[in-house]
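Peer 1:
Number of protein chains: 2
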Amino acid sequence: MKHDELFALLRRRGVLWPSAEIYGGAQGLYDYGPLGAALKRRLEEAWSAWFLGLSPDYHRIEPAEILPEAVVRASGHLENFTDPEVTCEACHAAFRADTLLEKVRPEGIDGLSSAQIGEILRAQQLRCPSCGSPELSVPRPFNLMFGLDFGPTGKERAYLQPETAQASYLAFARMWDVGRHRLPLGIAVIGKAYRNEIAPRQVLFRMRAFTQAELQIFFDPESFPVPFDRVRAERLPVLRVGPRSRGEESPEVVSAEELVRTGGLPEFYVYHLAETVRFYRDVLGYPAEAIRLFEKSESERAFYNKIQFDVEVHLESLGGYKELGAVHYRGDYDLGRHSEGSGRDLSVHPTGRPPLRPNVLELTFGVDRNLWALADLHLGKDGERTRWKLPAFLAPVAVGVFPLIEKDHGSFARALAHDLRAAGIPAQYDDASSIGKRYARMDEAGTPFCVTVDGATIADGPEQGTVTLRARDSRAQERVPAAALAARLRPFLVPPLPPGA
Amino acid sequence: MKHDELFALLRRRGVLWPSAEIYGGAQGLYDYGPLGAALKRRLEEAWSAWFLGLSPDYHRIEPAEILPEAVVRASGHLENFTDPEVTCEACHAAFRADTLLEKVRPEGIDGLSSAQIGEILRAQQLRCPSCGSPELSVPRPFNLMFGLDFGPTGKERAYLQPETAQASYLAFARMWDVGRHRLPLGIAVIGKAYRNEIAPRQVLFRMRAFTQAELQIFFDPESFPVPFDRVRAERLPVLRVGPRSRGEESPEVVSAEELVRTGGLPEFYVYHLAETVRFYRDVLGYPAEAIRLFEKSESERAFYNKIQFDVEVHLESLGGYKELGAVHYRGDYDLGRHSEGSGRDLSVHPTGRPPLRPNVLELTFGVDRNLWALADLHLGKDGERTRWKLPAFLAPVAVGVFPLIEKDHGSFARALAHDLRAAGIPAQYDDASSIGKRYARMDEAGTPFCVTVDGATIADGPEQGTVTLRARDSRAQERVPAAALAARLRPFLVPPLPPGA
Numbered sequence: 134m135k136h137d138e139l140f141a142l143l144r145r146r147g148v149l150w151p152s153a154e155i156y157g158g159a160q161g162l163y164d165y166g167p168l169g170a171a172l173k174r175r176l177e178e179a180w181s182a183w184f185l186g187l188s189p190d191y192h193r194i195e196p197a198e199i200l201p202e203a204v205v206r207a208s209g210h211l212e213n214f215t216d217p218e219v220t221c222e223a224c225h226a227a228f229r230a231d232t233l234l235e236k237v238r239p240e241g242i243d244g245l246s247s248a249q250i251g252e253i254l255r256a257q258q259l260r261c262p263s264c265g266s267p268e269l270s271v272p273r274p275f276n277l278m279f280g281l282d283f284g285p286t287g288k289e290r291a292y293l294q295p296e297t298a299q300a301s302y303l304a305f306a307r308m309w310d311v312g313r314h315r316l317p318l319g320i321a322v323i324g325k326a327y328r329n330e331i332a333p334r335q336v337l338f339r340m341r342a343f344t345q346a347e348l349q350i351f352f353d354p355e356s357f358p359v360p361f362d363r364v365r366a367e368r369l370p371v372l373r374v375g376p377r378s379r380g381e382e383s384p385e386v387v388s389a390e391e392l393v394r395t396g397g398l399p400e401f402y403v404y405h406l407a408e409t410v411r412f413y414r415d416v417l418g419y420p421a422e423a424i425r426l427f428e429k430s431e432s433e434r435a436f437y438n439k440i441q442f443d444v445e446v447h448l449e450s451l452g453g454y455k456e457l458g459a460v461h462y463r464g465d466y467d468l469g470r471h472s473e474g475s476g477r478d479l480s481v482h483p484t485g486r487p488p489l490r491p492n493v494l495e496l497t498f499g500v501d502r503n504l505w506a507l508a509d510l511h512l513g514k515d516g517e518r519t520r521w522k523l524p525a526f527l528a529p530v531a532v533g534v535f536p537l538i539e540k541d542h543g544s545f546a547r548a549l550a551h552d553l554r555a556a557g558i559p560a561q562y563d564d565a566s567s568i569g570k571r572y573a574r575m576d577e578a579g580t581p582f583c584v585t586v587d588g589a590t591i592a593d594g595p596e597q598g599t600v601t602l603r604a605r606d607s608r609a610q611e612r613v614p615a616a617a618l619a620a621r622l623r624p625f626l627v628p629p630l631p632p633g634a
Numbered sequence: 134m135k136h137d138e139l140f141a142l143l144r145r146r147g148v149l150w151p152s153a154e155i156y157g158g159a160q161g162l163y164d165y166g167p168l169g170a171a172l173k174r175r176l177e178e179a180w181s182a183w184f185l186g187l188s189p190d191y192h193r194i195e196p197a198e199i200l201p202e203a204v205v206r207a208s209g210h211l212e213n214f215t216d217p218e219v220t221c222e223a224c225h226a227a228f229r230a231d232t233l234l235e236k237v238r239p240e241g242i243d244g245l246s247s248a249q250i251g252e253i254l255r256a257q258q259l260r261c262p263s264c265g266s267p268e269l270s271v272p273r274p275f276n277l278m279f280g281l282d283f284g285p286t287g288k289e290r291a292y293l294q295p296e297t298a299q300a301s302y303l304a305f306a307r308m309w310d311v312g313r314h315r316l317p318l319g320i321a322v323i324g325k326a327y328r329n330e331i332a333p334r335q336v337l338f339r340m341r342a343f344t345q346a347e348l349q350i351f352f353d354p355e356s357f358p359v360p361f362d363r364v365r366a367e368r369l370p371v372l373r374v375g376p377r378s379r380g381e382e383s384p385e386v387v388s389a390e391e392l393v394r395t396g397g398l399p400e401f402y403v404y405h406l407a408e409t410v411r412f413y414r415d416v417l418g419y420p421a422e423a424i425r426l427f428e429k430s431e432s433e434r435a436f437y438n439k440i441q442f443d444v445e446v447h448l449e450s451l452g453g454y455k456e457l458g459a460v461h462y463r464g465d466y467d468l469g470r471h472s473e474g475s476g477r478d479l480s481v482h483p484t485g486r487p488p489l490r491p492n493v494l495e496l497t498f499g500v501d502r503n504l505w506a507l508a509d510l511h512l513g514k515d516g517e518r519t520r521w522k523l524p525a526f527l528a529p530v531a532v533g534v535f536p537l538i539e540k541d542h543g544s545f546a547r548a549l550a551h552d553l554r555a556a557g558i559p560a561q562y563d564d565a566s567s568i569g570k571r572y573a574r575m576d577e578a579g580t581p582f583c584v585t586v587d588g589a590t591i592a593d594g595p596e597q598g599t600v601t602l603r604a605r606d607s608r609a610q611e612r613v614p615a616a617a618l619a620a621r622l623r624p625f626l627v628p629p630l631p632p633g634a
């Protein structure tokens, strides 16, 4: 579906809508409705199950989302977390320089200085997109962090975290003390990040408050053993640094083994890249051919990143490849900065090894963007019907429970739905309108299973009575004892763990 | 346990710690470590299961946590969300007037004006708690909201939400459109609330960022049918408005029926109060005798609240009854204010009824405070051992899996833990030190079950092999087939639904 059509459908179904809608909305903020909120929680749990499943030493924490000023000074965000902003001298509208330039300079402006960007703007003779005036300012760095007066004195400053990663670095020393004194140690955070975007757009793709799922793996750069055999033959769709455009170029599919042997990448990096691709493809069900691992060049990536591949997925609604996640090899930059900033040496002394300052591998995943991708890739027309082919364990409702005739079968069906919920299976009773329309509503909501209670169910009683179980994707129907439903459905409703883990 | 002892234990076990600890901490902000974060998520899910279980028309959403200025102007927070602040003219330290006065005026200062509070301060001849100076300022209202410059122009203001309720009121119109056009309609939010507290204290009890779970029930004041028979005989520990002190007074235990018949409270209100008490007592396992429903008088409650009972629980670590939640009958104040503020009439037209502006019943639950209460009430010495008697479905780890001897039984035990996790049961493998020490670690972490794999398990093979299953609280041990463990444990791991729902 096209962007506006998809957004309209999601809004109509109560998946998401602009925040403070009755006040005209708040730019860059969205609310998740019942379906969206449930899908988002299950997506977060699926991410956790997979990535924490990679090691018993990877743990999830929930840190505060406000950072004292000393933290963002040390991390570099106070100085450098900026976008080049251009304002119109005539109408005072503000724009991101890279957005103004995106049509005439599709390769982007990463690595350019404000002065260089200013020259390109002048050379292109661009006009204000709002009022048409040619009087555009020179670009100035605009810090994207939201600052707060913290405490009653008005003298302390703090910031809403611009990324969840910093909180993991702050927690590292405590996690080391609490844990088993060995590396690698992983700290995962699923939390809000806040950015005062100059121009929010594309709904969930450039928000001012959004959810990141990030795993920071702290490791000894001399020795990061990984079970590489598990992924050796995995086929990875990569677009390496070199002569290539940012646009629609297709990736080259190479094996994990080749990427290490001839591609010059370390095993630990390729292993995590492969487990990441598996998550998008095998867990979230994105088509393999829609995924691209886009390597960032030295000028495109942050200076402290030694290796960076963005996970990009081709989305019809956004007209091309969009970044949904990434794998960053950050070296020891982060612990170094916070050792300096805090005055606490963040080196560690693993049992049986000399003291060292760990390096960081960061696996990052945009929860909102992936929720949008799950709609773009899995929700659509299937003949007459709109069907949302969500993986069953992500579906907000796992099973719709219908009485064939409300007055005869309603109380049995209600009790069945209740018993399923009491067994931990998200079941929803529905008796409104025809069975066909109930199927249609459930299909559109992504519900993988529906059961119908009829006369035969009642006649045979709660122990023996069977119901019609219908699968969303195959539309196959079969009779299943009502009492056996929970056990029958449960295996589909647990998010998968990495194989072999 | 006393406060400091309990906090030290929670910190040492990695349940929680002060945010940005390596920078000396950030006042009023805490991070949850692996155990705390898992417990918090399960507590949130238990709250959802119970309160959304009250009606199929109660739904959970996840709204943005930033409110445009127009919203907090309409809600009254911009003008009124203040605490009286007193500053020391000598050392510039800032204090809450009610905290300064709490020793000399235990009944609190609710309902007093700044001028009245100032007079009391002068009469008491109080001195600055920091420097001892007698030069304290007159109280001035200090707004507790964190304000943000929103957008690039510096002209727009927005605020971190001071409570989750407003987001539900903003979402009401959309939820009505998406839903079945009938009342009551419930909107639940579990989210962050932010308050720039003058003096954060008592760890999780007065934080600057904390998590609320709130259910706003929108209903027709002419007709709010509830299944009152379910709770008629429920015994409720109430302390009604009247001559009584704020302190340690014990409640009077009366039935739900009496509270309606002679207590003058509406059925719908008492019904929800009773279901709330059941949640604290039967789901979270708080001792009935520790719970008190403290009715707020007209001067103590917000002016728009028609009826308010705080749920207070007696906590040893905090030396008395502490507010952990509340039930507010808010009338039509909220939709009225937002109808006016937004210019959109938030009246609705339920099928078969005349148009009306719904009233709101608010059920509010402090997630962090209850996490602390779960530690205060359930974690403690039991003979030699420290045991955390968490309800099984709240435990971060459901089952510890141990090999009797690592080299002989380790791989079977590891595979068993993996299979349990793959079946959705939070299992943790542990082979460090003696079985006794492993039990002790699991007891302290609140793990309700442990299983040990030994020679007999291996000899009988994965289909027939039995393991020793040991229950935390009874310390009873029995042999159970490893293959039957998941089915055996699962019923304990699902949060309960309200009976009869």
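So the protein lines, in turn, are chains Z and A. Numbering-wise (the working numbering), the first sequence opens with residue 134 and increments by one. Numbering-wise (the working numbering), the second sequence opens with residue 134 and increments by one. Each residue gets a CB set at the ideal place from its N, CA and C atoms; glycine is no exception.
Straight-line CA distance for A/G133 to Z/G418?
Peer 2: Coverage of chain A is limited to positions 134 through 634, which leaves residue 133 of chain A absent and any answer about it impossible.
Peer 1: Answer with buried or exposed for Z/V386, where buried requires no fewer than 16 other C-beta atoms within 10 angstroms of its C-beta.
Peer 2: With fewer than 16 Cβ atoms within 10 Å of its Cβ, Z/V386 is classed as exposed.
Peer 1: Please list, in chain order, all residues of the same chain as Z/H405 whose beta carbon is under 7 Å from its beta carbon, the five residues on each side excluded.
Peer 2: Here the set comprises V460, L494, L496.
Peer 1: Leaving out five residues on either side along the sequence, give the residues of the same chain with a beta carbon under 7 Å from the beta carbon of Z/A179.
Peer 2: These residues qualify, in order along the chain: V416, F526, L527, P628.
Peer 1: How far does the beta strand (DSSP E) with Z/P629 in it reach, from first residue to last?
Peer 2: Counting along the chain, Z/P629 falls outside any beta strand (DSSP E), and DSSP gives it neither H nor E.
Peer 1: Please state whether the Cβ-Cβ distance between A/R486 and A/L316 is less than 9 Å.
Peer 2: In this structure, A/L316 lies closer than 9 Å to A/R486 by Cβ.
Peer 1: Does A/S473 pass the burial test, meaning 16 or more other C-beta atoms within 10 Å, or should it be called exposed?
Peer 2: One detail in the question is off: residue 473 of chain A reads as Glu in this sequence, not Ser. So A/E473 ends up on the exposed side.
Peer 1: Quick one: measure Cβ to Cβ for A/L293 and A/F283, integer angstroms, because I've assumed they're closer than 8 Å.
Peer 2: Rounded, the Cβ-Cβ distance is 11 Å, inconsistent with contact.
Peer 1: Given this structure, state the Cα-to-Cα distance separating Z/I538 from Z/A170, to the nearest angstrom.
Peer 2: Each residue's alpha carbon lies about 31 Å from the other.
Peer 1: Please list the partners that Z/F275 has in chain A, where partner means a Cβ-to-Cβ separation under 8 Å.
Peer 2: Chain A residues near Z/F275: P285.
Peer 1: Assign Z/N503 to buried or exposed, taking buried as 16 or more other Cβ atoms, counted over all protein chains shown, within 10 Å of its Cβ.
Peer 2: Buried, since its Cβ has 16 or more Cβ neighbours within 10 Å.
Peer 1: By the three-class DSSP mapping on this structure, what secondary structure does A/D443 have?
Peer 2: Of the three classes helix, strand and coil, the one that applies to A/D443 here is strand, per DSSP.
Peer 1: Entirely within the region 536-621 of chain A and at least 3 residues each: give me those beta strand (DSSP E) ranges in chain order.
Peer 2: You should have 560-562, 582-586, 599-604, 610-614.
Peer 1: Compare the beta carbon distance of A/A326 and A/F343 with 9 Å and say whether it is the shorter of the two.
Peer 2: Yes, Cβ-Cβ distance for A/A326 and A/F343 is below 9 Å.
Peer 1: Rounding to the nearest angstrom, what Cα-Cα distance links A/E93 and A/V359 in this structure?
Peer 2: This structure cannot speak to residue 93 of chain A, because chain A is shown only from 134 to 634.
Peer 1: Give me the Cα-Cα distance between A/N329 and A/R229, rounded to the nearest whole angstrom.
Peer 2: Computed Cα separation, rounded: 12 Å.
Peer 1: By Cβ distance, which residues of its chain are closer than 7 Å to Z/A508, with the 5 residues on each side in sequence left out?
Peer 2: Once the five neighbours on either side are set aside, the close Cβ partners of Z/A508 are L139, L143.
Peer 1: Skipping 5 residues on each side, what residues in its chain have a beta carbon closer than 7 Å to that of Z/C221?
Peer 2: These residues qualify, in order along the chain: C261, S263, C264, S266, E268, L269.
Peer 1: How about Z/A421 and A/A203: are their beta carbons less than 9 Å apart?
Peer 2: No, the pair does not count as a contact, with Cβ atoms beyond the cut-off.
Peer 1: Does DSSP put Z/Y419 in a helix, in a strand, or in coil?
Peer 2: Three-state result, Z/Y419: coil.
Peer 1: Kindly identify the DSSP beta-bridge partner or partners of Z/E428.
Peer 2: Bridge partners of Z/E428: Z/F442.
Peer 1: Just mark A/P632 as buried or exposed, buried being the case when its beta carbon has 16 or more other beta carbons within 10 Å.
Peer 2: Flag for A/P632 reads exposed.
Peer 1: Taking the straight line between their C-alpha atoms, what separation do you get for A/G166 and A/Q299?
Peer 2: Taking the straight line from one Cα to the other gives about 29 Å.
Peer 1: Answer with buried or exposed for A/T286, where buried requires no fewer than 16 other C-beta atoms within 10 angstroms of its C-beta.
Peer 2: Per the 10 Å Cβ criterion, exposed.
Peer 1: So, at 7 Å on beta carbons, what are the nonlocal neighbours of A/F351 in its own chain, with the 5 sequence-adjacent residues on each side left out?
Peer 2: The residues are F305, L316, P317, L318, P491, V493.
Peer 1: With C-beta atoms as the reference, is Z/D94 less than 9 Å away from Z/W521?
Peer 2: The structure shown does not extend to residue 94 of chain Z, since chain Z is modelled only from 134 to 634, so the question has no answer here.
Peer 1: Tell me which residues of the region 542-567 of chain Z have at least one Cβ-Cβ distance to chain A shorter than 8 Å, keeping chain order.
Peer 2: If the cut-off is 8 Å between Cβ atoms, the region 542-567 of chain Z has H551, R554, A555, A556, G557, Q561, Y562, A565 near chain A.
Peer 1: Which one of Z/L392, Z/D478, Z/A321, Z/M340 has the shortest CA to CA distance from Z/F361?
Peer 2: Considering only alpha carbons, the answer is Z/L392.
Peer 1: State the CB to CB distance for the pair Z/P370 and Z/P354, rounded to an integer number of angstroms; the pair is presumed to be in contact (CB under 8 Å).
Peer 2: Rounded, the Cβ-Cβ distance is 27 Å, inconsistent with contact.
Peer 1: Could you check if Z/A592 is buried or exposed, using at least 16 other CB atoms within 10 Å of its CB as the buried criterion?
Peer 2: Counting Cβ neighbours within 10 Å, Z/A592 comes out exposed, since fewer than 16 surround it.
Peer 1: Among residues of its own chain, excluding the 5 on either side of A/R554, which ones have a beta-carbon nearer than 6 Å to its beta-carbon?
Peer 2: Cβ within range, chain order: A560.
Peer 1: Does Z/S152 get closer than 9 Å to chain A when you measure Cβ to Cβ?
Peer 2: Judged by the 9 Å Cβ criterion, Z/S152 is in contact with chain A.
Peer 1: Who are the Cβ neighbours of A/H136 in its own chain at under 6 Å, not counting the five residues just before and after it?
Peer 2: Correct list, in chain order: S450.
Peer 1: Taking Cβ positions only, does A/R477 come closer than 9 Å to chain Z?
Peer 2: Closer than 9 Å to some Cβ of chain Z, the Cβ of A/R477 qualifies, so yes.
Peer 1: Does the CB of A/Y156 have a neighbour CB from chain Z at under 9 Å?
Peer 2: So, interface residue.
Peer 1: Whole angstroms is fine: what's the gap from Z/E428's alpha carbon to Z/E381's?
Peer 2: The alpha-carbon atoms of Z/E428 and Z/E381 are separated by roughly 14 Å.
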